[in-house]
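The structure appears right after this line, and notes come after that.
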Amino acid sequence: MSDIIKTKCKLLRLAYVADLYEKIPFENPEQYVTALLQQELEVRESAKGERLLKKAKFINEKELSTYQWDEQIRFPPQLDKESLTTLQFIEQKENIVLSGAPGTGKTHLVTGLGREACRKGYEVRFFRVADLVVLLEKSWREGKFDAFRRKFDKVDMIILDEMGYVPFSKEGAECLFQLISDWYEQRSLVITSNLEFSQWNRIFVDSRLTAALVDRVIHHAHILSFTGDSYRVNHALSLRHF
Numbered sequence: 001m002s003d004i005i006k007t008k009c010k011l012l013r014l015a016y017v018a019d020l021y022e023k024i025p026f027e028n029p030e031q032y033v034t035a036l037l038q039q040e041l042e043v044r045e046s047a048k049g050e051r052l053l054k055k056a057k058f059i060n061e062k063e064l065s066t067y068q069w070d071e072q073i074r075f076p077p078q079l080d081k082e083s084l085t086t087l088q089f090i091e092q093k094e095n096i097v098l099s100g101a102p103g104t105g106k107t108h109l110v111t112g113l114g115r116e117a118c119r120k121g122y123e124v125r126f127f128r129v130a131d132l133v134v135l136l137e138k139s140w141r142e143g144k145f146d147a148f149r150r151k152f153d154k155v156d157m158i159i160l161d162e163m164g165y166v167p168f169s170k171e172g173a174e175c176l177f178q179l180i181s182d183w184y185e186q187r188s189l190v191i192t193s194n195l196e197f198s199q200w201n202r203i204f205v206d207s208r209l210t211a212a213l214v215d216r217v218i219h220h221a222h223i224l225s226f227t228g229d230s231y232r233v234n235h236a237l238s239l240r241h242f
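If you count by UniProt numbering, then the sequence shown holds residues 1 to 242, one letter each, in order.
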């Protein structure tokens, strides 16, 4: 009988019913069918979230649940913790920029937001900016830049981590500018940087390109400022006291 059920489920594209139907308690037909289909939907959503997490290519498994919220984050007037963590900005195609010294928790926070977004069904991509620019330069040299740009057509949220740690070549800066121009008002861009916007000309060789890039980034952006000392430095210092 189970083989027949599996065959029928496959034809109906019910991927999980055949594994679930014996585990659902039976009270009446309506309750049973409702519970069974609800379980199918929930397992589908969970499996989709796991697939999206793999595609996003996060560099670690930091979660919002382990993030230590404290007073060293300064929120802009139009954004608070709740609206940030419920990911309203993705639906509104708004950008988030996290600016502050290294080690203040920016990467942890954006990774947690990205992983939560995947579980809610959003397509996310995570890049360290220096790594992305290397890929852009390679795609340009090989004549595959347009194909690389199309990879983001269905992406909802792009995380660019560590903007400003490494200066770009002219070619790399122009490719990155083109990519961010593609994303402008089409999807949410989340950027972490140790530099203020006025210092971005350190990494982009052309001042006019820098101004145009900053204009696109901040137009629909919420800017979070991180102050205080590095968590990593403080942790290392605390260990020295033992």
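We treat Cβ as the ideally placed atom computed from N, Cα and C, and that holds for glycine.
The alpha-carbon of A15 is positioned some 11 Å away from that of Q39. Comparing alpha carbon positions, the residue from K6, A56 and F204 closest to F127 is A56. Scanning its chain for C-beta atoms nearer than 6 Å, with the 5 sequence neighbours on each side dropped, one finds around S207 the residues N201, in chain order. Bridge partners of A221 according to DSSP: N95. By the Cβ-count criterion, S198 is exposed, with fewer than 16 other Cβ atoms from all chains shown falling within 10 Å of its own Cβ. Between G164 and I203, the gap from beta carbon to beta carbon is short of 9 Å. Pairing V129 with L41, the inter-Cα distance amounts to about 36 Å. For D156, the closest alpha carbon among the candidates Q31, R149, L189 and E174 is that of L189. For E185, there is no enclosing alpha helix (DSSP H), since its DSSP letter is neither H nor E. With fewer than 16 neighbouring CB atoms inside 10 Å of its own CB, I59 falls in the exposed class. Bridge partners of F89 according to DSSP: none are assigned. S193 carries a strand assignment under DSSP once its states are collapsed to helix, strand and coil.
Judged by DSSP in its simplified three-state form, D161 adopts strand. Here E63 has G112 and R115 as same chain residues with Cβ atoms under 7 Å from its own Cβ, once five neighbours each way along the sequence are excluded. Taken atom to atom, the span from the alpha-carbon of G100 to that of E27 is near 57 Å. Here the C-alpha atom of L20 lies approximately 11 Å from the C-alpha atom of Y32. Three or more beta-carbon pairs separated by less than 8 Å are not found between the segment 64 to 84 and the segment 140 to 157, which leaves the two stretches without contact. CA-to-CA, the gap between A47 and L37 works out to about 15 Å. Within 10 angstroms of the beta-carbon of K106 lie 16 or more other beta-carbons, which makes it buried. For secondary structure counted as the beta strand (DSSP E) over 3 or more consecutive residues, the segment 107 to 156 holds these complete runs in sequence order: 124 to 128. Take L98, set aside five residues on each side of it, and the residues of its chain with a beta-carbon closer than 6 Å to its own are K106, T192 and L224, in chain order. Cα atoms of V133 and K8: separation of roughly 48 Å, rounded to the nearest angstrom. The Cβ-Cβ distance between I96 and A117 does not fall below 9 Å.
Residue nearest to Q72 within the set V205, L135 and T104 is T104 (criterion: CA-CA distance). By the criterion of a C-beta distance shorter than 8 Å, Y67 is surrounded in its chain by G105, H108, L109 and G112, once the five residues flanking it on both sides are discounted.
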